[in-house]
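The working numbering numbers the first residue of the sequence shown as 4 and each following residue consecutively.
These notes concern the structure reproduced below.
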Amino acid sequence: MPLVAAAVCPHPPLLIPEVAGAAAAELADLRRACDTAVTRLVDSGADELLIVGDGPDTRRYDPPFHGSLAAYGLPLEPTVGRPGPDSRPDLPLSLTIGAWLLGRTHPDPAPAVSAMYAVAPQTDPVSCAQLGAGWGGDRNWALLVLGDGSACRGAAAPGYADPRAEAYDSGVAEALAGADLDALLDLDPELSAQLRVAGRAAWQVLAGAARAAGGDWRGELSYHAAPYGVAYFVATWERP
């Protein structure tokens, strides 16, 4: 059965107010955009939800899902489902933020998340597209995609300033707004790595899934900015 909806959100730890501390208000608009996108995704009518983001290795996680933000000074362990007493947090940051977003917008009952996938940042575009194309099964499904843009938007950025970063991010914004599958699949892995992009592989998984589902898509970009020198995007894809 086809992919029926998708949402794209970033995954910075600072998205969580307790991590951001006194600076939490600076990302209030981003937080609201993510909340709206995730809510629309859950309300899309899909029978199940999959989540994809970057991670050190390409692998699948099955429920229940268990992450941790201890590395960022917060004793918070976002979960989806009900981990047992011996469960240990094993989700990478991107999927941990995905679990947090779901819990923030839909604390009870939790959406029916059937699987989470981490995609290694060096995965080539063809393999990313094939991964997304292989999902589905016999139920309508929706996809939450976690990924950041370049981290080179200014001297204070984690990757310092790179004159190529703004054009790269503008191209991603246009592709997400227009549900342009070709543009996403054309993103260059080497340039993406140089610009410290943490979303390229996951966006290409989305493009592969959407292409395999067929038909037309309507994209809507609700947030595009680069606070702290890192580009963040929030978008929704739905059927016209």
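Ideal Cβ positions, reconstructed from N, Cα and C, are used throughout, including at glycine.
Going by Cα to Cα distance, which pick from the options is closest to residue i?
i: residue 138; options: 189, 224, 63, 157; result: 63
i: residue 191; options: 181, 183, 204; result: 204
i: residue 174; options: 60, 235, 31, 187; result: 187
i: residue 129; options: 215, 106, 51; result: 215
i: residue 269; options: 117, 15, 211, 96; result: Because the chain is modelled from 4 through 243, residue 269 falls outside the range shown and cannot be assessed.
i: residue 59; options: 35, 96, 84, 70; result: 96
i: residue 230; options: 5, 31, 21; result: 31
i: residue 65; options: 115, 208, 38; result: 115
i: residue 35; options: 90, 18, 5; result: 18
i: residue 168; options: 76, 125, 197, 135; result: 197
i: residue 23; options: 49, 71, 76, 236; result: 76
i: residue 5; options: 88, 53, 106; result: 53
i: residue 171; options: 185, 195, 163; result: 195
i: residue 184; options: 213, 193, 163, 89; result: 213
i: residue 105; options: 70, 163, 189; result: 70
What does the alpha-carbon distance come out to for the pair residue i and residue j?
i: residue 143; j: residue 82; result: 23 Å
i: residue 219; j: residue 33; result: 27 Å
i: residue 68; j: residue 57; result: 16 Å
i: residue 201; j: residue 232; result: 13 Å
i: residue 161; j: residue 37; result: 23 Å
i: residue 127; j: residue 206; result: 12 Å
i: residue 78; j: residue 166; result: 38 Å
i: residue 141; j: residue 7; result: 13 Å
i: residue 51; j: residue 158; result: 42 Å
i: residue 47; j: residue 40; result: 11 Å
i: residue 243; j: residue 42; result: 18 Å
i: residue 15; j: residue 61; result: 20 Å
i: residue 84; j: residue 121; result: 18 Å
i: residue 208; j: residue 124; result: 12 Å
i: residue 86; j: residue 135; result: 27 Å
i: residue 93; j: residue 178; result: 32 Å
i: residue 107; j: residue 20; result: 11 Å
i: residue 236; j: residue 228; result: 7 Å
Residue i by DSSP, collapsed to three states: which one?
i: residue 117; result: strand
i: residue 90; result: coil
i: residue 144; result: strand
i: residue 206; result: helix
i: residue 108; result: helix
i: residue 54; result: strand
i: residue 214; result: helix
i: residue 34; result: helix
i: residue 12; result: strand
i: residue 43; result: helix
i: residue 225; result: strand
i: residue 49; result: coil
For the putative contact between residue i and residue j, defined by C-beta atoms under 8 Å, what is the C-beta separation to the nearest angstrom?
i: residue 199; j: residue 155; result: 6 Å
i: residue 240; j: residue 182; result: 5 Å
i: residue 152; j: residue 26; result: Actually they do not touch by this definition, with Cβ atoms about 20 Å apart.
i: residue 55; j: residue 109; result: About 18 Å separates the two Cβ atoms, so there is no contact after all.
i: residue 180; j: residue 238; result: 7 Å
For the ligand COA, is there a heavy atom less than 6 Å away from the beta-carbon of residue i?
i: residue 172; result: What this structure holds is no ligand at all, so the ligand COA is not there to describe.
The stretch 96-109 contacting the stretch 145-159, beta-carbon criterion three pairs below 8 Å: yes
Three-pair Cβ contact test at 8 Å for the stretch 224-239 versus the stretch 7-21: Yes, they touch.
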